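Below is one structure, written out as structure tokens; comments come after it.
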Amino acid sequence: MRILVTGGAGFIGANFVRLTREVRPEVQVTVLDLLTYAGNVDSIPEGVELVTGDVADAGVVDALVRDADVVVHFAAESHNDNSLDDPWPFVHTNIVGTFQLLEACRRHGTRLHHVSTDEVYGDLELDDPAKFTPDTPYNPSSPYSSTKAGSDLLVRAWVRSFGLEATISNCSNNYGPFQHVEKFIPRQITNLIDGVRPKLYGAGLNVRDWIHVDDHNRAVWTILEHGRVGETYLIGADGEVDNKTVVQTLLELMGHAADDFEHVADRPGHDMRYAIDATKLREELGWQPQYGDFRAGLAATIDWYRANEDWWRPLKDATEAKYARLGR
Ligand code: NAD
Ligand code: DAU
Numbered sequence: 006m007r008i009l010v011t012g013g014a015g016f017i018g019a020n021f022v023r024l025t026r027e028v029r030p031e032v033q034v035t036v037l038d039l040l041t042y043a044g045n046v047d048s049i050p051e052g053v054e055l056v057t058g059d060v061a062d063a064g065v066v067d068a069l070v071r072d073a074d075v076v077v078h079f080a081a082e083s084h085n086d087n088s089l090d091d092p093w094p095f096v097h098t099n100i101v102g103t104f105q106l107l108e109a110c111r112r113h114g115t116r117l118h119h120v121s122t123d124e125v126y127g128d129l130e131l132d133d134p135a136k137f138t139p140d141t142p143y144n145p146s147s148p149y150s151s152t153k154a155g156s157d158l159l160v161r162a163w164v165r166s167f168g169l170e171a172t173i174s175n176c177s178n179n180y181g182p183f184q185h186v187e188k189f190i191p192r193q194i195t196n197l198i199d200g201v202r203p204k205l206y207g208a209g210l211n212v213r214d215w216i217h218v219d220d221h222n223r224a225v226w227t228i229l230e231h232g233r234v235g236e237t238y239l240i241g242a243d244g245e246v247d248n249k250t251v252v253q254t255l256l257e258l259m260g261h262a263a264d265d266f267e268h269v270a271d272r273p274g275h276d277m278r279y280a281i282d283a284t285k286l287r288e289e290l291g292w293q294p295q296y297g298d299f300r301a302g303l304a305a306t307i308d309w310y311r312a313n314e315d316w317w318r319p320l321k322d323a324t325e326a327k328y329a330r331l332g333r
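Each residue of the sequence shown is one higher than the last, beginning at 6 in our numbering.
Written out as structure tokens, the structure is:
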């Protein structure tokens, strides 16, 4: 099997490539990645073919899709704060890029798995007993989540109108190695390594549903092998935790007092809570998460950032300069 992985130099895509080498060594992987600020060649294991190019470039995409049996589409602009600062790259990559990929898959009759996010469903109140299900109406809040929602709807239309063989997954917040230091957990870990206090947006009551990146990627493999074409699967591991508790756990694991953090300006339009009901994935396809203990997963992630300063150090100053400009 030949797999084209878009965005394979980013956080989840690179972990997917690594997992694939481990669990499906016979699979031939090609990565298509533009190597934006979020892409890092050092995240891709040696020996994997990397094509540096834009998923919105029809010519590049057509040639690669022609040679692939399956496409797994991770490439995206992925950070909400950036989308509030400058939305255009999100429209370009997430919508136009997905469009070009869909057209190439249609021309060549290629199976596509589209990687999306729970943020397409908007947010939940803290006391709402409900979780997101595949039937929850789309209600995205930010330029990031609205462009991901748009990309999902394009995929659904190509399935229905053109018979494209595609599946979609919507996953909750991932953590683990190789995540860019702009994101919440690696930002705080690397701040603490640098002797800087963690930064909590607003009151820190917002809840995210954390899942280890390997559990996400094992679910993607489960869907590739057993998923029904045209279906949407929600991926989550019942990992709801509020942001303040995440920061306090990091502080404790790294030997600091529980109140050694600072509140900073809140994110405009900040979604309050995400929560995934993954019953369909668990019951239809038999997937189960392997990382049950979030605290242990955080401890392993701290160890990874301590041991891999060469990987994240070149990104840190520019990231913090951007946050200083945004007042966060
Ligand atoms: P990331 O920002 O770490 O990586 C994105 C990758 O895409 C980078 O390597 C970047 O260089 C590449 N890229 C960006 N624009 C491109 C373009 N025009 N052409 C080709 N490559 C381009 O993102 P991530 O956190 O790894 O997220 C991967 C996917 O998973 C995204 O589609 C995101 O919406 C989705 N997702 C992420 C999470 C999460 O918690 N991080 C959760 C659910 C879903
Ligand atoms: O739910 C899935 C989504 O999770 C993905 O689709 C996105 O690509 C991914 O970035 C993530 O989105 P969030 O906006 O939830 O993640 P982020 O890491 O930016 O922030 C997590 C929470 O922490 C959020 O409530 C904002 C807050 N936060 C973030 C940063 C960077 C802080 O309190 N302080 C910070 O410094």
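Glycine residues also receive a C-beta, built at the ideal position from the N, C-alpha and C atoms.
Computed from a predicted model, the values in this text were never measured in an experiment.
CB of residue i within 7 angstroms of CB of residue j, strictly
i: V186; j: K321; result: yes
i: V60; j: G102; result: yes
i: L129; j: R278; result: yes
i: W226; j: G244; result: no
i: L37; j: L89; result: no
i: V269; j: R333; result: yes
i: T2; j: V96; result: No answer is possible for residue 2: it lies beyond the span of the chain, which begins at 6 and ends at 333.
i: N45; j: A73; result: no
i: T172; j: E108; result: no
i: L276; j: S146; result: The sequence given here has Asp at residue 276, not Leu. Yes, they are a contact pair.
i: N222; j: F21; result: yes
i: E288; j: V234; result: no
i: Y180; j: T306; result: yes
i: I8; j: V34; result: yes
i: L255; j: D265; result: no
DSSP three-state assignment for residue i, whether helix, strand or coil
i: D157; result: helix
i: N211; result: coil
i: A171; result: strand
i: Y180; result: strand
i: D62; result: coil
i: E124; result: helix
i: E289; result: helix
i: E49; result: The displayed chain sequence assigns Ile, not Glu, to residue 49. Three-state DSSP puts I49 in coil, outside helix and strand.
i: F333; result: It is Arg, not Phe, that sits at residue 333 in the sequence shown. Looking at R333 - three-state DSSP - the assignment turns out to be coil, as it is neither helix nor strand.
i: V22; result: helix
i: D38; result: strand
i: V269; result: strand
Residue i Cβ short of 6 angstroms to the ligand NAD heavy atom set
i: I17; result: yes
i: L39; result: yes
i: T98; result: yes
i: H118; result: no
i: G181; result: no
i: V60; result: yes
i: A242; result: no
i: H185; result: yes
i: G102; result: yes
Any non-hydrogen atom of the ligand DAU closer than 6 angstroms to residue i Cβ
i: F79; result: no
i: L205; result: yes
i: R177; result: Note that residue 177 corresponds to Ser in the displayed sequence, not to Arg. Correct: S177 has its Cβ closer than 6 angstroms to the ligand DAU.
i: F167; result: no
i: T122; result: yes
i: K188; result: yes
i: N211; result: yes
i: R196; result: Correcting the residue identity first, residue 196 is Asn in this sequence and not Arg. The answer is no for N196.
i: R192; result: yes
N- and C-terminal bounds of the alpha helix (DSSP H) containing residue i
i: I194; result: F189 to I198
i: Q105; result: T103 to H113
i: H84; result: First-last for H84: undefined, no H or E at that position.
i: K249; result: N248 to L258
i: Y310; result: F299 to A312
i: L229; result: V218 to H231
First and last residue of the uninterrupted beta strand (DSSP E) at residue i
i: E54; result: E54 to T57
i: L334; result: Look at the range of the chain in this structure, 6 to 333, and you will see that residue 334 is not part of it.
i: V77; result: V75 to H78
i: H185; result: H185 -> no beta strand (DSSP E), and no H or E assigned at all.
i: I240; result: T237 to I240
Exposure of residue i, with buried meaning 16 or more beta-carbon neighbours within 10 Å
i: P166; result: Looking at the sequence itself, residue 166 is Ser, so the reference to Pro does not match. With fewer than 16 other Cβ atoms within 10 Å, it is exposed.
i: D123; result: buried
i: P182; result: buried
i: R71; result: exposed
i: R112; result: exposed
i: V76; result: buried
i: A323; result: exposed
i: D315; result: exposed
i: H118; result: buried
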